[in-house]
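Participant: Residue numbers for the sequence shown follow my numbering, beginning at 30 and rising by one.
For each residue, glycine too, the CB sits at the ideal point set by N, CA and C.
Let me begin by handing over the structure; questions about it come next.
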Amino acid sequence: MMAEKDVKVSIRPMEPEDINGILEVDRKISGVQRALTYRDLVREALGGEMDVSFVAEVDDHFVGFVLAYLTYVREQVSEACVI
């Protein structure tokens, strides 16, 4: 049986400095080096009351992210999801 190891898991708001980790995770998932990057999205979308972007770290290593923001629509919506 393997000995248990304590790991430190952290979920925190995304910062512009996280872009390299974001691109690395995206490359691992998609297998594609994208010509269009998240750089402009990160620079323009981070911060403010509508931002809900987060990164995940395990033992201080970047392991995942969600890039999202809240938006208002003029139509009445009972359910919505955009991924």
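Look at the Cβ atom of Asp107, then the Cβ atom of Val95, and state whether they are nearer than 8 Å.
Facilitator: For the record, residue 107 in the displayed sequence is Ser; it is not Asp. Contact flag unset, no.
Participant: Enumerate in chain order the residues of its own chain whose CB-to-CB distance from Ala85 is below 6 Å, with the five nearest sequence positions on each side excluded.
Facilitator: For Ala85, where only same-chain residues beyond five positions count, the Cβ hits under 6 Å are Ile40, Val92, Gly93.
Participant: Could you check what DSSP says for Arg41 in three-state terms: helix, strand or coil?
Facilitator: Arg41 falls in the strand class under three-state DSSP.
Participant: What number of angstroms, rounded off, separates the C-alpha of Ile58 from the C-alpha of Tyr101?
Facilitator: When rounded, the distance between both Cα atoms is 30 Å.
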